[in-house]
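Colleague: Please read through the structure below; I'll follow up with questions.
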Amino acid sequence: MAMAVLQLKNADGYLYFDEENCRQEGRARAAAYQSAHPFPHIVIDDFLDKDMLRGIHAQYPSTENQRFFDRDQERFKFQFGPGADLSGRTRNILAELNSQAFLGFLEEMTGIKGLISDPYFNGGGLHLTRRGGHLGVHADFNVHGDMQVERRLNLLVYLNEDWDDAYNGKLELWDTEMKGCEVSVAPLLGRAVVFSTTLDSYHGHPDPLACPPERDRRSIATYYYTAFPDGVNSVPQRTTVFQARPGSSDRTDWRVKVDHLIGDWVPPRLQKYARKLNRFA
0 MAMAVLQLKN ADGYLYFDEE NCRQEGRARA AAYQSAHPFP HIVIDDFLDK
50 DMLRGIHAQY PSTENQRFFD RDQERFKFQF GPGADLSGRT RNILAELNSQ
100 AFLGFLEEMT GIKGLISDPY FNGGGLHLTR RGGHLGVHAD FNVHGDMQVE
150 RRLNLLVYLN EDWDDAYNGK LELWDTEMKG CEVSVAPLLG RAVVFSTTLD
200 SYHGHPDPLA CPPERDRRSI ATYYYTAFPD GVNSVPQRTT VFQARPGSSD
250 RTDWRVKVDH LIGDWVPPRL QKYARKLNRF A
């Protein structure tokens with residue numbers, strides 16, 4: 000079995016990253032990450048210990064009576080943050096993915112300094128998508144609502160053993176003009192993907208999952224931010240923006256597009272009323 004790229008040390012049962020190991024591994028991948036197309040990204044196999052990841056997979060919270068996304072753009076997708084019934088080991092790893100040592104890995108690899116982790120796990124944590132589910136191609140929200148910082152990086156660590164290509168579920172990275180998918184990544188156990196997030200870093204797994212009924216697609220997701228040098232009001236604020244693939248039956252999310260137009264062009268004192276009309280349009 001291959002050794003994990005990032006080694007976890009043990010302190011009385013708590014697993015933690017070593018900062019020097021993290022920075023060394025980050026520097027070794029900096030050129031590959033920063034020169035990648037269609038936008039900076041990297042795919043890393045054997046990123047973390049597979050036995051540890053198998054344990055996280057086996058200790059997922061129950062989906063019974065849990066809410067999930069069920070609309071044209073994203074369907075049958077569950078998210079579990081720290082408020083869910085997570086195992087101690089899962090909480091341990093989520094905390095370490097927010098640690099100073101791990102930020103050092105990301106900073107060395109991406110060249111982005113001053114990264115900020117997200118203790119709120121806004122949109123992050125554990126993800127699970129059922130058979131028939133999908134996540135349309137999109138660009139992510141760019142401003143953290145609670146911390147008022149700019150989203151810069153996504154990390155995905157996959158937990159799916161023996162995942163067949165016929166199940167679909169590959170992560171797709173699309174060019175910035177939405178002309179085609181340039182990178183396709185199978186969600187295999189131990190594989191990690193890191194990529195830079197901008198208003199046109201389009202990605203998703205848009206084809207409905209065709210896995211057996213007893214299987215699902217699982218991953219750890221954490222996101223990273225930087226402060227705005229000129230303040231949060233210096234940039235347009237965007238929620239998740241889904242894109243329709245050319246020649247597909249993907250549905251355009253017109254409500255979000257109109258909401259962004261309202262934020263950009265309607266006077267602030269009238270925005271509340273304009274958004275209310277948009278919700279009922």
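When we follow numbering that gives the first Met the number 0, the leftmost residue of the sequence shown carries the number 0, and every step to the right adds one.
Where is the CB? At the ideal position from N, CA and C, for every residue including glycine.
1. From the DSSP secondary-structure annotation, give me the bridge partner or partners of VAL192.
2. Take every Cβ of the region 90-102, pair it with every Cβ of the region 258-266, and state whether three or more of those distances are shorter than 8 Å.
3. Need the endpoints of the beta strand (DSSP E) that LYS369 sits in, please.
4. Would the region 176-189 and the region 26-41 be scored as touching if the rule is three or more Cβ pairs under 8 Å?
5. Might you give, ordered along the chain, the residues of its own chain that have their beta carbon closer than 6 Å to the beta carbon of GLN6, omitting 5 neighbours on each side?
6. Based on the DSSP secondary-structure assignment, which residues constitute the bridge partners of ASP69?
7. For PRO118, count neighbouring C-beta atoms within 10 Å of its own C-beta (all shown protein chains included) and say buried if the count is 16 or more, exposed if not.
8. Where do the ends of the alpha helix (DSSP H) carrying CYS21 lie?
9. Terminal residues of the continuous beta strand (DSSP E) containing HIS133?
10. Got a sec? Which residues, its chain only, sit under 8 Å from THR89 by beta carbon, not counting five neighbours each side?
11. Could you name the residues of the same chain whose beta carbon sits closer than 8 Å to that of PRO60, not counting the 5 residues immediately before and after it, in chain order?
12. Is GLY203 helix, strand or coil by DSSP?
13. For GLY135, verify whether its CB is less than 8 Å away from any heavy atom of the ligand ZN.
14. Please state if the CB of TYR224 and the CB of ILE115 are separated by a distance shorter than 9 Å.
15. Sorted by chain position, which residues of the same chain lie with C-beta nearer than 7 Å to THR238's C-beta, five sequence neighbours on each side aside?
16. Secondary structure at LEU114, three-state DSSP: helix, strand or coil?
17. Candidates LYS169, LEU198, GLY189: which alpha carbon is nearest LEU152's?
18. Alpha carbon to alpha carbon, how far is LEU170 from LYS271?
Modeller: Reading it off the structure:
1. Here residue 192 refers to the residue found at position 193 of the sequence shown. Bridge partners of VAL192: VAL42, LEU155.
2. no
3. The structure shown has nothing for residue 369, since the chain only spans 0 to 280.
4. yes
5. Taking the sequence shown and counting its residues from 1, one reaches residue 6 at position 7. Hits under 6 Å: ASN20.
6. Position 70 of the sequence shown, counting from 1, holds the residue named residue 69. BP columns for ASP69 point to ARG74.
7. What you label residue 118 is simply residue 119 of the sequence shown in a count that begins at 1. Flag for PRO118 reads exposed.
8. Looking up residue 21 in the sequence shown gives position 22. First-last of the alpha helix (DSSP H) with CYS21: 18-27.
9. By one-based count along the sequence shown, residue 133 stands at place 134. Here the beta strand (DSSP E) through HIS133 covers 124-138.
10. The residue given as residue 89 occupies position 90 in the sequence shown. Only ILE55, GLN58, LEU125 meet the Cβ criterion.
11. In the sequence shown, residue 60 corresponds to position 61, counting from 1. The answer, listed in chain order, is PHE79, ALA83, ASP84, LEU85, LEU125.
12. Taking the sequence shown and counting its residues from 1, the one referred to as residue 203 is at position 204. If DSSP states are grouped into helix, strand and coil, GLY203 belongs with the strands.
13. Ligands in the displayed structure: none, and consequently the ligand ZN is not present.
14. The residue you call residue 115 lines up with position 116 of the sequence shown. The residue you call residue 224 lines up with position 225 of the sequence shown. Against a cut-off of 9 Å, the Cβ pair of TYR224 and ILE115 comes out as a contact.
15. The residue labelled residue 238 in the question sits at position 239 within the sequence shown. If we look at THR238 and ignore the five residues flanking it on each side, its Cβ neighbours are PHE140, VAL255.
16. On the sequence shown, position 115 is the one that residue 114 refers to. DSSP places LEU114 in coil when its eight states are reduced to three.
17. Within the sequence shown, the letter at position 153 stands for residue 152. Closest by alpha carbon: LEU198.
18. Taking the sequence shown and counting its residues from 1, one reaches residue 170 at position 171. Taking the sequence shown and counting its residues from 1, one reaches residue 271 at position 272. Spanning the two alpha carbons is a distance of roughly 36 Å.
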